[in-house]
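Protein chains in written order, with the working numbering: chain S, 197 to 650; chain H, 174 to 265.
Virtual Cβ for every residue (Gly too), placed ideally from N, Cα, C.
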């Protein structure tokens with residue numbers, strides 16, 4: 197007797213074959229603490245050797261699992277200890293040197309991206325972190341696979357406005373140095389508030405200081421599956437909509453759990469966490485915006501979008517948390533503009549604006565993600581956008597981030613192509629009014645009263 | 174120890190689908206534990222098959238390849254997956 201009904205088997209097959217169900221990423225976190233050495237050359241050698249050793253069979257085992265279960269695993273990635281914190285008395289060029297080593301080793305082991313060229317400066321920056329941040333434009337324009345993130349705020353520390361101000365300039369400079377590719381360097385850079393230590397998604401993944409020597413973190417995908425569940429539901433109350441999303445999220449998450457457990461077992465490393473985030477792709481039908489629209493909003497961004505997204509994010513968490521032993525990372529729903537064809541459509545016809553996206557980020561998992569703005573947007577305006585997102589993050593005790601691309605020489609309405617999973621984005625309007633004086637004040641916005649929980 | 178795999182076949186109905194797939198399994202010494210087939214809608218043929226590959230004289234990856242090639246020849250989608258993915262998704 198078959199343990200599963202014919203219909204159950206066909207449902208799983210349909211999810212994978214027709215509804216784009218896949219594992220978005222398997223990310224191996226590797227600590228570089230024991231690679232620390234005052235001589236950057238020796239440190240570079242140690243880093244190369246360690247990553248190569250730990251990840252030697254990572255890609256091969258990932259392929260074996262894809263074959264065994266017939267489930268695509270789209271990305272393999274490495275995350276490492278934040279580089280900004282582990283260099284001893286660094287000089288200006290040392291960070292670029294180490295970044296090149298990271299790029300080389302990522303290529304040598306055939307992973308798609310390596311995250312952790314990062315600095316945690318929410319309360320202030322060390323000399324090393326300052327040098328690291330100033331090297332970001334050079335690093336992102338001269339490496340292919342290295343991703344960078346900077347945490348500028350936390351609920352416990354407040355917002356480091358000096359770092360926020362600096363990041364506006366760093367983003368502009370990164371766009372300038374990668375202008376021949378529409379500023380793609382900025383797609384590899386996230387500015388965070390309340391960054392998490394076990395996020396498997398790029399560009400913001402790093403292997404935090406509370407993490408073990410090595411672990412596997414998994415990010416699932418599956419907007420197409422949720423969309424299909426709602427299509428089958430037809431007319432129903434919002435309570436029933438939430439229920440349908442929960443059930444779909446459960447099933448999606450179980451596949452991630454299976455892959456995470458099996459991969460950790462095969463590689464003999466710990467299974468860290470499963471990130472429940474629904475991650476869209478530029479494929480038609482694999483869109484978070486479409487789910488919002490299916491719930492009953494004509495186009496994403498219209499009034500009701502924030503409430504629909506809140507319902508979605510919450511239902512995904514409820515369904516997913518029951519399906520996995522260790523949920524972590526960002527876990528919610530991503531709303532990147534360029535990576536979601538429904539968002540692209542909504543942005544093109546003017547249904548969604550940066551302001552509405554900002555409101556929606558208060559209920560989704562991350563923040564203003566993969567948004568293209570005019571190339572001549574002032575650095576202080578970009579900094580102020582980061583400050584607004586950080587404020588939403590620290591006041592609501594959640595992670596928020598900004599991945600924004602001031603597309604060189606582009607004007608509002610023009611399309612910017614990034615290619616692959618990064619997709620394409622219409623250049624969106626930003627406020628023409630200045631935030632310059634606010635940003636120039638500098639200093640630190642104190643931690644909110646809600647941080648006093650002890 | 175048994176190692177169970179589920180084979181799913183989708184496509185246009187025609188004579189001999191079961192025979193063609195069974196013969197690949199027979200040739201490779203793989204035991205069929207159960208078969209269900211249904212026609213969905215007017216003419217979409219669906220078949221799910223539980224097989225034990227532990228007795229087989231072929232690696233799973235090679236079996237998948239043979240089934241996929243047969244699928245191309247017959248204009249059918251043939252998918253082989255370890256049963257654990259169904260266990261995880263449909264059973265708590």
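Asked	Found
Neighbour flag for residue 255(H) against chain S, beta carbons, 8 Å	yes
Where residue 236(S) sits in the DSSP three-state scheme	helix
As assigned by DSSP and simplified to three states, the class of residue 382(S)	helix
Closest by C-alpha distance to residue 620(S), when choosing among 205(S), 547(S), 383(S) and 452(S)	383(S)
Beta bridge counterpart(s) of residue 613(S) as assigned by DSSP	620(S)
Among 525(S), 332(S), 611(S) and 321(S), the one whose alpha carbon lies nearest that of residue 358(S)	321(S)
Residues within the region 227-248 of chain H neighbouring chain S, beta-carbon criterion of under 9 Å	233, 234 and 237
Whole-number beta carbon distance between residue 414(S) and residue 470(S), since they are thought to touch under 8 Å	5 Å
Helix, strand or coil at residue 202(H) according to DSSP, with G and I counted as helix	coil
Residue environment, residue 405(S), which counts as buried when at least 16 other CB atoms sit within 10 Å	exposed
Residue 553(S) to residue 259(S) span [Cα, whole Å]	37 Å
Nearest-angstrom Cα separation, counted from residue 223(S) out to residue 611(S)	31 Å
Same chain only: Cβ atoms within 6 Å of residue 244(S), ignoring 5 sequence neighbours per side	297 and 301
Length of the line joining the Cα atoms of residue 448(S) and residue 418(S)	7 Å
Minimum C-alpha distance to residue 351(S) - residue among 392(S), 434(S) and 363(S)	392(S)
Residue ranges of each alpha helix (DSSP H) within the region 408-458 of chain S, 4 or longer	419-429
Given residue 509(S) as reference, the closest of 481(S), 457(S) and 439(S) once Cα atoms are compared	439(S)
Distance between beta carbons of residue 390(S) and residue 607(S), contact taken as under 8 Å	So it is not a contact: roughly 34 Å between Cβ atoms.
Cβ-based burial, residue 229(S) [other Cβ within 10 Å; buried from 16]	exposed
Residue 197(S) versus residue 259(H): straight-line alpha-carbon distance, rounded	With a pLDDT of 49 at residue 197(S), under the threshold of 50, the predicted position of this residue should be treated as unreliable, and no value is reported.
From 566(S), 218(S) and 622(S), residue whose alpha carbon lies closest to that of residue 599(S)	566(S)
Within 8 Å, strictly: CB atoms of residue 275(S) and residue 401(S)	yes
Simplified DSSP state of residue 462(S), which is helix, strand or coil	helix
Per-residue contacts from residue 447(S) into chain H (C-beta, under 7 Å)	262
Limits of the beta strand (DSSP E) - the one that residue 255(H) falls within	249-255
Residue 228(H) beta carbon less than 8 Å from that of residue 205(S)	no
Cβ neighbour criterion (16 or more within 10 Å) applied to residue 615(S)	exposed
C-alpha gap between residue 340(S) and residue 303(S), whole angstroms	9 Å
Short CB-CB distance (under 8 Å) between residue 173(S) and chain H	Because chain S spans 197 through 650 in this model, residue 173(S) falls outside it and cannot be assessed.
Alpha-carbon to alpha-carbon, residue 462(S) and residue 257(S)	7 Å
Contact with chain S by residue 212(H), beta-carbon distance below 8 Å	no
Inter-residue spacing [alpha-carbon to alpha-carbon] between residue 581(S) and residue 437(S)	33 Å
Assigned secondary structure, residue 653(S) (DSSP; H/G/I helix, E/B strand, else coil)	Nothing can be reported for residue 653(S), as the shown portion of chain S is limited to 197 through 650.
Min CB distance residue 451(S) to chain H below 8 Å	yes
Close Cβ partners of residue 216(S) (< 6 Å) along its chain, the five nearest in sequence each way excluded	420, 479 and 482
Neighbour flag for residue 258(H) against chain S, beta carbons, 8 Å	yes
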